[in-house]
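The block underneath contains the structure these notes are about, expressed in structure tokens.
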Amino acid sequence: MAKKITAFIAVLLFSIGISAVCSASVDYSGIIESESSWVAVLQQPSGAIVISRDKTFVWNGVTSYKIEPYFANLAVTGMLENPTTANILVAKKWIEWYFAHLNQPDYNGINGSVYVYYANISTNAETSSAGYDSTDSYGTTFATLLKKYYEVSGDSTLLINNKSNIEMAVDAAIATQQTDGLTYAKPDYQIKYLMDNVEVYEGLASADWLERNVLGDTTKANYYLGKKNLNATGIETLWNATNNNYNSSAGQASNWGVFYADAVAQVYPIWTSVIAPTSSRAIGLYDTLNANYPGWPSLSTPDAFPWSILAYSGSVMDDSSRVNTFLENIQNTYISTGHGWPYYNMEAGFTIRAAKKIRDKDNLALAKTVSASANSGTASNANNGVLYDNWTGGTANNQWIQVDLGTSNAMNRLIIKWGSTYATQYKIQVSDNGTTFTDAYSEAAGNGGTDDIAFTDVTKRYVKLLFTAKSSSNGVDLEEFELYNDNTTPVAPTNLALNKTATASSFPADTQKSVDGNLATRWGSASLDNEWYKVDLGASKTVDQVVVNWEAAYDSAYSVQISTDDITYTTVYSTTTGDGGIDTHSFTPATARYVKLLLTTRATIWGSSFWELEVYNTSGTQTPPPSPAPNLALNKATMASSNVSSTGLSVDANLTTRWGSIYADNEWYTVDLGMLYSVSKAVINWEAAYDSVYSIQVSTDNLNFTTVYTTSAGDGGIDTVTFGAQIARYVRVLLTTRATGYGSSFWEFEIYQ
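With the working numbering applied, the sequence shown corresponds to residues 159 to 911, in that order.
Pasting the structure below:
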């Protein structure tokens, strides 16, 4: 029986932080279990997975359930986040169904595609539709499912025995790949969709992995790797630099006002690992999606579907706040009410993945060091995130299990998932040192199930569960306990204008001085009325506040205007009684890319002037400002033309260690980033033995390199080299001519997006 306990009973004194109400009440593990079970019950006797049992279709006059292989692949991939023996068997039966239904050939002459089927709700007889929604996404999402299946089951036999079927399915998916790397949706529907192609990228990465790690075919692995790299190059051509987003398909610009497919498609490259979630591109796309569709966490979108794929994308972006809101609404709207349509199998799959990713990010106890009064060898089963194993205490009362969080952590919520024997009486105890504990909560009438305890903030390092009485003579059976700090610390609104491009009616050389964050610099206009100053935010964003920090030369009459296209402007504030100082103007949230000050009447004889113009969105949850761009080369694999044993010393972030070549010209040093990235900057921190002539080259395959930078005037020190964005996995420094009598040497080599 699940219960929520909202009173935190402090019976002894201990350090308590500021009291706060928990902001989330999501039982992540409960969602993972319930939704994986629901996907499993959608399986037909044949092994097929129907999209829903709440939605039927009439096919050839027969009321039927629909079997959509693409949706099923994504649903089962999510289900395997809870890889119980039963769920693994469900996945195996689905995989076998897929193998058994490979077309040889289909109506387009392709071997390895799979049709949509319909299952008679009365007899379970399945009938082919003789058609499919696509060929490119079916086989590649299937390959991604197979990789997940092997990772959680270790069942190589099924895959090895079906090597030819696997390759047939993947080859069918890329049968429409064109010379630009992009795939058509299907041979008779020649549109190169962004969404399909990023799934192709992910699937080809999975196929490459399967061939190398399970099927033992390096030749085929390299073939799929080459296809993946070509696909990545094609995906990058879909980036529309003018619009700061991806085209929804080749030759078709996206419109943020079109929810599906244009807006939704923008997050697909994030969750398929085409772009890193920490990249400025990913952050910008996700921010703009939220600015245009702020209601998606509350299931408020332009269509009827819940769009759990947005929640999974949010979890990849570490956006606990929005994902928690979404999961609470999914729980209340669909899960607890019987999974009614339009909730369907793919929605469940992505809901599971979102719940698990946020749980594993925010659960303070996950995989931390545990000890116990008995059976300590299995104590880690209680906090490993696995929902089908457990720790069992000794048969005596007063058994305990304790977790060391490693450092003191703020916490205010504990979830306990009991097995067959539960504690009827227990205490939650906390400690700073692991020796002296204080009682933080006492339960006198435990009844098993799931206990979800919300409490006033406390900051401690150790948490102990002390079981003083239990429901049977057996030891307490603890499946999992999870610890959270559910307070969402408000993120200070970001100044959206900071360091953005500014223009003005006069003195353009100084415009950036009023968006640089420096209160000692400013822009000033000519000594005229009716001047203007404008900032381009770079992309459309939700805005609701403008702050003008005037210099002494202020305006008595001015207006604040906003626009999405720099043509049509809307006035959101106007005054004729301006008095200088700092003016903060709040208005109804609106979407804008351009913010303009129309400077109508000066209050002094001088030109209009202000230290800073700031623009904010204060109306909703902000996406945290991006962290500094990660050094993609950090601790990655390296290789070099000589002294190979020390190559790692120049990617270890340690400025006291270095790699150096032999005493020769025309040496080289390469870093393998591990996967394809869009890169545009390299930093070389030279040791005294630098090169006067060198080049930087990039490659997707470590065979064919493109030179992105060359110099013949190198002077050592720290060289920061920027270049046009390139898709690359390998970055090489070609060391042509040494400037000293020693070998070429550098402390660090760094790569950035």
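Don't be surprised by glycine CBs; every beta carbon is placed ideally from N, CA and C.
From a predicted model like this one, the values you see are computed outputs, not experimental measurements.
Using DSSP with H/G/I as helix, E/B as strand and the rest coil, what is residue i?
i      : result
Ile441 : helix
Glu394 : helix
Asp420 : helix
Ala554 : coil
Ile488 : helix
Glu239 : coil
Tyr381 : helix
Asn520 : For the record, residue 520 in the displayed sequence is Asp; it is not Asn. Asp520: helix per DSSP, three-state reduction.
Glu357 : helix
Glu626 : The amino acid at residue 626 is misidentified as Glu; the sequence shows Thr. Strand.
Pro427 : helix
Ile349 : coil
Asn570 : strand
Met797 : strand
Asn371 : helix
Ala233 : helix
Lys213 : coil
Glu226 : coil
Ala363 : helix
Ala581 : strand
Ser181 : Residue confidence for Ser181 is low, a pLDDT of 43 falling below 50, so the modelled location carries little weight; the figure read from the coordinates is stated next. Here Ser181 sits in coil by DSSP.
Thr898 : coil
Phe508 : helix
Pro747 : strand
Looking at the strands, I want to know which residues DSSP matches up with residue i.
i      : result
Tyr852 : Thr869 and Leu893
Gly818 : Ser903
Lys526 : According to DSSP, Lys526 bridges with nothing at all.
Val588 : Thr596 and Val621
Gly682 : Ser767
Gln884 : Val837
Leu792 : Its beta-bridge partners do not exist; DSSP assigns none.
Glu772 : Val705
Asn843 : Ile876 and Glu906
Thr661 : Lys692
Thr608 : Lys575
Glu601 : Tyr584
Phe639 : Ile574
Ile559 : Ala530 and Leu623
Trp826 : Leu892
Taking a contact to mean a Cβ-Cβ separation below 8 Å, would you say residue i touches residue j in this structure?
i      : j      : result
Leu572 : Gly543 : no
Leu340 : Tyr426 : no
Leu303 : Ile324 : no
Gln557 : Ala532 : yes
Gly507 : Gly633 : no
Tyr296 : Ser287 : no
Phe907 : Ser808 : yes
Ser744 : Asp713 : no
Glu637 : Gly577 : yes
Thr878 : Asp823 : no
Phe768 : Val706 : yes
Ser538 : Thr579 : no
Ile393 : Tyr359 : yes
Val616 : Val588 : yes
Taking residue i as the reference, give the member of the options with the closest Cα.
i      : options                           : result
Asp737 : Ala711, Asp723 and Ala750         : Ala711
Trp690 : Tyr731, Phe639, Thr758 and Ser744 : Thr758
Glu193 : Pro788, Lys519 and Thr235         : Thr235
Val199 : Val220, Ala230 and Phe215         : Ala230
Ile493 : Gly188, Ser629 and Asn862         : Gly188
Ile510 : Met237, Lys794, Ala748 and Gln560 : Met237
Thr430 : Asn403, Thr483 and Thr299         : Thr299
Asn448 : Val841, Ala811 and Thr749         : Thr749
Asn789 : Val851, Tyr848, Val422 and Val837 : Val837
Ala330 : Tyr273, Thr285, Thr281 and Phe863 : Tyr273
Ala968 : Tyr223, Phe257, Leu260 and Ile332 : Past the boundaries of the shown model lies residue 968; the chain is included only from 159 to 911, so the question cannot be answered.
Lys515 : Tyr867, Val184 and Leu861         : Val184
Asn278 : Pro203, Ser292, Asp346 and Val889 : Pro203
Ala684 : Asp212, Thr762, Ile253 and Ile909 : Thr762
Tyr470 : Arg517, Thr446 and Thr495         : Arg517
Gly312 : Thr285, Ala249 and Lys575         : Ala249
Thr436 : Ala419, Ser473, Trp414 and Asn413 : Ser473
Asp830 : Asp849, Gln855 and Tyr727         : Gln855
Which runs of the beta strand (DSSP E), 3 residues or longer, sit entirely within the region 247 to 335?
Within the region 247 to 335, the complete beta strand (DSSP E) runs of at least 3 residues are 275 to 278 and 284 to 286.
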